[in-house]
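> For the sequence shown, our numbering gives the first residue as 11, with consecutive numbering after it.
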Amino acid sequence: MDILYLMILCSVSLAVVFLVVFIVFARKGQFEDDESPAVRILFDSGEVKEKEEHGNKNDKEKGDNNKFEEKSE
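Below you can see the structure in the form of structure tokens.
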């Protein structure tokens, strides 16, 4: 029976710790922007555009291999 009291005490104290951490981060504004992470995946990143602009200069020399690389991207 003593172990049951110990387990209840540990679980309640852990829940209080999580609640305090949640309240602290909620006040700091951690959960304010919930729209942009869901929409961010729809936009192209700058890294992909830079890769295309500064890509291989000898694309015409590759021939059929170029088609394979375009499909794999």
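Backbone N, C-alpha and C fix where the C-beta goes; we use that ideal spot for every residue, glycine too.
In angstroms with no decimal places, state the Cα-to-Cα distance between residue 25 and residue 49.
Whole-angstrom Cα-Cα distance: 32 Å.
> Roughly how many whole angstroms lie between the Cα atoms of residue 11 and residue 34?
Cα-Cα distance, rounded: 35 Å.
> Between the alpha carbons of residue 54 and residue 16, how many angstroms are there, rounded?
Spanning the two alpha carbons is a distance of roughly 52 Å.
> Kindly indicate the opening and closing residues of the alpha helix (DSSP H) around residue 11.
Residue 11 -> no alpha helix (DSSP H), and no H or E assigned at all.
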